[in-house]
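Peer 1:
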Amino acid sequence: MKIYAHRGYSARYPENTLASFRAAASYPIEGVELDVHLSKDRELVVIHDETIQRTSNGNGFVKDLTLQQLKQYDYGSWFGKKFKGEPIPTLGEVLQLFQHTKHRINVEIKTDRFVYGGIEELVLKELIKYSMLERAIISSFDHEAIKRVKKLKPEVETAALFSNIILQPSEYMKHLQADAMHVSGYYALRKPVRMALEDGFIVRVYTVNREDHALALASLGVHAIITNEVEKMVTLFQN
Ligand code: G3P
Ligand code: MG
Numbered sequence: 066m067k068i069y070a071h072r073g074y075s076a077r078y079p080e081n082t083l084a085s086f087r088a089a090a091s092y093p094i095e096g097v098e099l100d101v102h103l104s105k106d107r108e109l110v111v112i113h114d115e116t117i118q119r120t121s122n123g124n125g126f127v128k129d130l131t132l133q134q135l136k137q138y139d140y141g142s143w144f145g146k147k148f149k150g151e152p153i154p155t156l157g158e159v160l161q162l163f164q165h166t167k168h169r170i171n172v173e174i175k176t177d178r179f180v181y182g183g184i185e186e187l188v189l190k191e192l193i194k195y196s197m198l199e200r201a202i203i204s205s206f207d208h209e210a211i212k213r214v215k216k217l218k219p220e221v222e223t224a225a226l227f228s229n230i231i232l233q234p235s236e237y238m239k240h241l242q243a244d245a246m247h248v249s250g251y252y253a254l255r256k257p258v259r260m261a262l263e264d265g266f267i268v269r270v271y272t273v274n275r276e277d278h279a280l281a282l283a284s285l286g287v288h289a290i291i292t293n294e295v296e297k298m299v300t301l302f303q304n
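So this note's numbering is basically just the index in the sequence shown, starting at one, shifted up by 65.
#1: Determine the burial state of residue 247: buried for a count of at least 16 other Cβ atoms within 10 Å of its Cβ, exposed for fewer.
#2: Is there at least one non-hydrogen atom of the ligand G3P closer than 6 Å to the beta-carbon of residue 129?
#3: Against chain C, does residue 152 count as a neighbour if the rule is that its beta carbon must be under 7 Å from one of theirs?
#4: Confirm, please, whether the CB-CB distance from residue 101 to residue 111 is below 7 Å.
#5: Using the DSSP secondary-structure output, state which residues sit across from residue 171 in a beta bridge.
#6: Relative to the ligand G3P, is the shortest distance from any of its heavy atoms to the C-beta of residue 139 smaller than 6 Å?
#7: Among 188, 291, 239, which one has its Cα closest to the Cα of residue 210?
#8: Does the ligand G3P have even one heavy atom less than 6 Å from the beta-carbon of residue 100?
#9: Could you tell me which residues DSSP pairs with residue 67 in its beta bridges?
#10: Give the DSSP-derived three-state secondary structure of residue 131 in the structure shown.
#11: Do you know how far the Cα of residue 215 is from the Cα of residue 113?
#12: Smallest Cα separation from residue 272: which of 262, 238, 226?
#13: Tell me whether residue 251 is buried or exposed, calling it buried when 16 or more other Cβ atoms sit within 10 Å of its Cβ.
#14: What's the gap between the Cα of residue 268 and the Cα of residue 182?
#15: Below 8 Å on the Cβ atoms is my guess for residue 79 versus residue 148; work out the distance and round it to an integer in Å.
#16: Are the region 257–266 and the region 223–240 in contact at 8 Å, needing three or more beta carbon pairs?
#17: Output the residue ranges of the beta strand (DSSP E) runs that lie fully inside the region 232–280 and measure 3 residues or longer, sorted by chain position.
#18: By how many angstroms is the C-alpha of residue 172 removed from the C-alpha of residue 201?
#19: Thinking C-alpha only, which one of 231, 244, 243 is nearest residue 259?
#20: DSSP three-state call for residue 302: helix, strand or coil?
#21: Mind checking whether residue 140 and residue 151 have CB atoms under 7 Å apart?
#22: If you run the structure through DSSP and keep just helix, strand and coil, what is residue 76?
#23: So which of 223, 254, 126 has the shortest CA-CA distance to residue 206?
#24: Run through the DSSP bridge pairs and tell me what residue 120 is partnered with.
#25: Beta-carbon separation of residue 132 and residue 108 under 7 Å?
#26: Given 6 Å as the limit, tell me if residue 80 has its C-beta closer than that to any heavy atom belonging to the ligand MG.
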């Protein structure tokens, strides 16, 4: 079973920080997943939410703050005192960290709520700058963003994220022309996902933190799990 570290090694480190990605990079896993938004001055920043409240000591929407303003806050203390002062990383800073590893990088474009015009071009530009396009997977719940990525760079692997059941996944995927499906763990064992696997689609499942779930998914034949529990899953699938 292939393993992706969800927001880095987020069970033990503050999600989407360099500390979390550095920890993930030390494991022999397939890759890491991260979330990107666009700041007021159009810098790609790695954070899950549209706002910085939950994961920092600041307030406000990412889109209303410049990179310099975003960098003033602490994105580690909410998780643990020893992570005090962890800054928000840019996409470039995370890519640099993985430049000399073999990990795949799953960049999730977070245009679910705000459109962030042109974010697809900026993500592609950054991946090209670090020569990491070949090992990137660009995913989104926003399937318009996936379409735009494919149009701009047909060779880059894309994945459509699904938080819910769709009835005819293979037809939908053919229409969308995405390369893979990233499906929620709640629905992974249901019939449509089995159908997609039978039809040869790549299926990765998020966010799988329990060993029994991971084993059930392995018997189903899914291609990868995206997990917060990196060490636990590495140990489970070691042999
Ligand atoms: O990309 C998989 C997963 O991260 C999607 O959900 O909300 O954790 O970004 P979320
Ligand atoms: Mg994500």
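By construction, the Cβ of each residue, glycine as well, lies at the ideal position given by its N, Cα and C atoms.
Quick caveat: nothing in here was measured; it's all calculated off a predicted structure.
Peer 2: Once the coordinates are examined:
#1: Sequence index remark: in the sequence shown, residue 247 carries index 182 (1-based). Residue 247 should be labelled buried.
#2: Numbered from its first residue, the sequence shown carries residue 129 at position 64. For residue 129, the shortest C-beta to heavy atom distance toward the ligand G3P is 6 Å or greater.
#3: Protein chain content of the structure displayed is limited to a single chain, and chain C is not contained in it.
#4: Residue mapping note: residue 111 aligns to position 46 of the sequence shown, counting from 1. Residue mapping note: residue 101 aligns to position 36 of the sequence shown, counting from 1. For residue 111 and residue 101, yes; Cβs fall inside 7 Å.
#5: Residue mapping note: residue 171 aligns to position 106 of the sequence shown, counting from 1. Answer by DSSP bridge pairing, in chain order: 98, 202.
#6: To locate residue 139, count along the sequence shown from 1; it is residue 74. No, the ligand G3P has no heavy atom inside 6 Å of this Cβ.
#7: As a working note, residue 210 is residue 145 in the sequence shown. Comparing Cα positions, the closest option is 188.
#8: Your numbering for residue 100 matches position 35 in the sequence shown. At least one heavy atom of the ligand G3P is nearer than 6 Å to the Cβ of residue 100, so yes.
#9: If you number the sequence shown from 1, residue 67 lands on position 2. According to DSSP, residue 67 bridges with 289.
#10: To locate residue 131, count along the sequence shown from 1; it is residue 66. Of the three classes helix, strand and coil, the one that applies to residue 131 here is coil, per DSSP.
#11: Residue mapping note: residue 113 aligns to position 48 of the sequence shown, counting from 1. Residue mapping note: residue 215 aligns to position 150 of the sequence shown, counting from 1. In a straight line, the C-alpha of residue 113 is about 23 Å away from that of residue 215.
#12: Here residue 272 refers to the residue found at position 207 of the sequence shown. Nearest C-alpha to residue 272: 226.
#13: Residue mapping note: residue 251 aligns to position 186 of the sequence shown, counting from 1. The residue is exposed, with fewer than 16 neighbouring Cβ atoms inside 10 Å.
#14: As a position in the sequence shown, residue 268 is number 203, starting the count at 1. As a position in the sequence shown, residue 182 is number 117, starting the count at 1. Taking C-alpha positions only, residue 268 is separated from residue 182 by approximately 28 Å.
#15: Numbered from its first residue, the sequence shown carries residue 79 at position 14. Numbered from its first residue, the sequence shown carries residue 148 at position 83. At roughly 5 Å, the Cβ-Cβ gap stays under 8 Å, so residue 79 and residue 148 are in contact.
#16: yes
#17: Listed in chain order, the complete beta strand (DSSP E) runs (minimum 3 residues) inside the region 232–280 are 245–249, 267–271.
#18: If you number the sequence shown from 1, residue 201 lands on position 136. If you number the sequence shown from 1, residue 172 lands on position 107. One C-alpha to the other measures close to 7 Å.
#19: Within the sequence shown, the letter at position 194 stands for residue 259. Of 231, 244, 243, the residue nearest in Cα terms is 231.
#20: Stepping through the sequence shown from its first residue, residue 302 is reached at position 237. Reduced to three states, the DSSP call for residue 302 is coil.
#21: Sequence index remark: in the sequence shown, residue 140 carries index 75 (1-based). Sequence index remark: in the sequence shown, residue 151 carries index 86 (1-based). In this structure, residue 151 lies closer than 7 Å to residue 140 by Cβ.
#22: Walking along the sequence shown from the start, residue 76 turns up at place 11. DSSP places residue 76 in the coil class of the three-state scheme, outside both helix and strand.
#23: If you number the sequence shown from 1, residue 206 lands on position 141. Answer by Cα proximity: 223.
#24: Mapped onto the sequence shown, residue 120 falls at position 55. Answer is none; residue 120 lacks a bridge partner.
#25: Walking along the sequence shown from the start, residue 132 turns up at place 67. Walking along the sequence shown from the start, residue 108 turns up at place 43. Yes, Cβ-Cβ distance for residue 132 and residue 108 is below 7 Å.
#26: Taking the sequence shown and counting its residues from 1, one reaches residue 80 at position 15. No, Cβ of residue 80 sits at least 6 Å from all heavy atoms of the ligand MG.
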